[in-house]
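Protein chains in written order, with our numbering: chain H, 4 to 342; chain V, 13 to 272. All C-beta atoms in this analysis are idealised placements derived from N, C-alpha and C, irrespective of residue type, glycine included. Model, not experiment: these values are computed from the prediction.
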């Protein structure tokens, strides 16, 4: 393999029920930065059925080129037809870098593609950089977030990685951006690896996604009980945010797992993160340290969380929050009157 | 029905601590366990054994001490256990690991291969799908429910926003979520037998048909360039006072940052 035969960044664009997922736009943003540094192009591989309408959006978020891989067998995500599509996209584009979102789809597809192409794959990256030798430096947490490792793929191309949702930043949408849009001559071959999807059920309860929230009020063991979370909900409501939790609170049954922040939960980067009664275990910090402003409230002056907070409040969550909610409500009211 | 379950022995990462002075992992005294997702997968296989008389083989790749994980699997009810161990296999990334395990599986008969979704030390979730690709069989990952129907299975495949019900013909590979089921305890007799009569089959490179260039560190496209512990970002201001004063301090900060 001559690694100089490979050039450019290819992003797998994940869509679900024909909606482009946020993580793919984040990857286009990161891909754009990397490509500019390398002086190469960003290509988006848009895979699905009747998905052409999204191509323009991908250009506006950073793609130089969009290849549309459209086929009847690609309506719902299924490993084999998606692998065939992605492998053909890689073989025709010969990119030096391929990025997938580290979702339950990306983490199923990417390893299958990497094994078919016999190239390396690094999972769940939280940072991507380019080295002086033009190599992709892929940094990821391991040992439950206790340790970070930087992985390289020196002699194999493409260099592939899955990237955690919520870690990279989208480009600002630019309606003026120009890009090429191409229909790819895709060949899907039916084989023994195909499975039959009998049904797809969307989770009926409309889940609020903490990764989309700009303000999070997060509670930990120090909140004390499920009932005490009411205060956190009140604060979140007054600020227009959502409530999330640490693993300790989720394990205690005070909050659903889909609201868990941290290594075994979700990575979030809101504008404002309240850590209420959270001690600051490294597994938790790994999921929230990128928040723009971190306010920590904890009775224990020595709590680890204070090392990461922009503002450390030493005190009792249950006593402070009622005053805080009252103050914010006052401000909201004044604003309303002024409007 | 023949089932092979792939398990990994991992350090209990909940017990892993950092040395505050050197910033390195303290592994001494950290207990080794069967990776939780793998254990749920093993339990699924043992239930198929209970219900349909399936034959369950458990295989693990690792250093010689990984035999402890196999003793536990045997004591839980596995019929046959195999330890894949060889210096040649050491230092493998996920691609080399999956290549090695797939080569070993080629030596066995199976209708169903079960792995855990991911291991708690590496968290990659890559080895299962990569084994399936090397074996050229379908994979279903993130499986949270499994039903056997003779020549095929119907499984529940979880996504963040819902789930698919999938019909898949044997042979196939599934990766199990911990939610798939709760693993049973070892039986007392099983535990005694695991230590008294069980001879663990040990396979090395010469026991499988594989290309040595694709094994271990040499066969790994990815390399660890460096590993480090994260330094904390510089801590911000700390405030103490009455609850009301503290609430005001927060409001002031939010004003300063134009958050309210």
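Exposure label - residue i; buried when at least 16 CB within 10 Å
i: residue 182 of chain H; result: buried
i: residue 15 of chain H; result: buried
i: residue 286 of chain H; result: buried
i: residue 154 of chain V; result: buried
i: residue 161 of chain V; result: exposed
i: residue 266 of chain H; result: buried
i: residue 201 of chain V; result: exposed
i: residue 333 of chain H; result: exposed
i: residue 297 of chain H; result: buried
i: residue 77 of chain V; result: exposed
i: residue 182 of chain V; result: buried
i: residue 211 of chain H; result: exposed
i: residue 168 of chain V; result: buried
i: residue 263 of chain H; result: buried
i: residue 260 of chain H; result: exposed
i: residue 209 of chain V; result: exposed
i: residue 250 of chain V; result: exposed
i: residue 4 of chain H; result: exposed
i: residue 124 of chain H; result: buried
i: residue 9 of chain H; result: buried
i: residue 67 of chain H; result: buried
Supposed contact pair residue j and residue i - C-beta distance, whole angstroms, cut 8 Å
i: residue 46 of chain V; j: residue 81 of chain V; result: 5 Å
i: residue 71 of chain H; j: residue 185 of chain H; result: 7 Å
i: residue 166 of chain H; j: residue 138 of chain H; result: Incorrect: roughly 17 Å between the Cβ atoms, too far for contact.
i: residue 252 of chain H; j: residue 272 of chain H; result: Actually they are not in contact, since the Cβ atoms of residue 252 of chain H and residue 272 of chain H sit about 20 Å apart, beyond 8 Å.
i: residue 141 of chain V; j: residue 111 of chain H; result: 6 Å
i: residue 88 of chain H; j: residue 189 of chain H; result: 6 Å
i: residue 255 of chain V; j: residue 326 of chain H; result: 5 Å
i: residue 54 of chain V; j: residue 85 of chain V; result: 6 Å
i: residue 283 of chain H; j: residue 311 of chain H; result: 6 Å
CB contact check: residue i to chain H, cutoff 8 Å
i: residue 154 of chain V; result: yes
i: residue 179 of chain V; result: yes
i: residue 244 of chain V; result: Reliability of the predicted coordinates at residue 244 of chain V is poor, the pLDDT of 49 falling under 50, and no value is obtained from them.
i: residue 218 of chain V; result: no
i: residue 46 of chain V; result: no
i: residue 73 of chain V; result: no
i: residue 255 of chain V; result: yes
i: residue 158 of chain V; result: no
i: residue 170 of chain V; result: yes
i: residue 107 of chain V; result: yes
i: residue 110 of chain V; result: yes
i: residue 17 of chain V; result: no
8 Å CB neighbourhood of residue i in its chain, flanking five on each side removed
i: residue 136 of chain V; result: 106, 130
i: residue 244 of chain V; result: For residue 244 of chain V, the predicted structure reports a pLDDT of 49, less than 50, and the residue's modelled location is therefore unreliable. A value from the coordinates is still provided. Excluding residues within five positions, none has a Cβ falling inside 8 Å.
i: residue 156 of chain V; result: 168, 169, 170, 175, 189, 191, 192
i: residue 79 of chain H; result: 200, 203
Cutoff 8 Å: residue i Cβ touching any chain V Cβ
i: residue 159 of chain H; result: yes
i: residue 115 of chain H; result: yes
i: residue 103 of chain H; result: no
i: residue 89 of chain H; result: no
i: residue 282 of chain H; result: no
i: residue 172 of chain H; result: no
i: residue 169 of chain H; result: no
i: residue 337 of chain H; result: no
i: residue 249 of chain H; result: no
i: residue 25 of chain H; result: no
i: residue 153 of chain H; result: yes
i: residue 72 of chain H; result: no
Own chain residues within Cβ distance below 7 Å of residue i, not counting five before or after
i: residue 37 of chain H; result: 12, 100, 131, 133
i: residue 58 of chain H; result: 49, 69, 71, 184
i: residue 51 of chain V; result: 195
i: residue 190 of chain V; result: 48, 49, 52
Cutoff 6 Å; reference residue i; Cβ partners in own chain excluding five residues on either side
i: residue 57 of chain V; result: 15, 17, 68, 126
i: residue 274 of chain H; result: 217, 295
i: residue 229 of chain H; result: 257
i: residue 13 of chain V; result: 64, 66, 123
i: residue 270 of chain H; result: 167, 169, 170, 290
i: residue 6 of chain H; result: 160
Proximity test, residue i beta-carbon vs the ligand NAP heavy atom, cut-off 7 Å
i: residue 337 of chain H; result: What this structure holds is no ligand at all, so the ligand NAP is not there to describe.
Contact with chain B by residue i, beta-carbon distance below 8 Å
i: residue 146 of chain V; result: No chain B is part of this structure, whose protein chains are labelled H and V.
contact_flag[the region 148-168 of chain V, the region 194-203 of chain H] where n(CB pairs < 8 Å) is 3 or more: yes
Sufficient close CB pairs (3 or more, under 8 Å) joining the region 266-281 of chain H to the region 217-227 of chain V: no
Three CB pairs or more closer than 8 Å across the region 101-119 of chain H and the region 62-76 of chain H: no
Three-pair Cβ contact test at 8 Å for the region 251-264 of chain V versus the region 316-328 of chain H: yes
Inter-stretch contact at 8 Å, needing at least 3 Cβ pairs: the region 213-224 of chain V / the region 106-120 of chain V: yes
The region 167-181 of chain H / the region 25-33 of chain H touching (three or more Cβ pairs under 8 Å): yes
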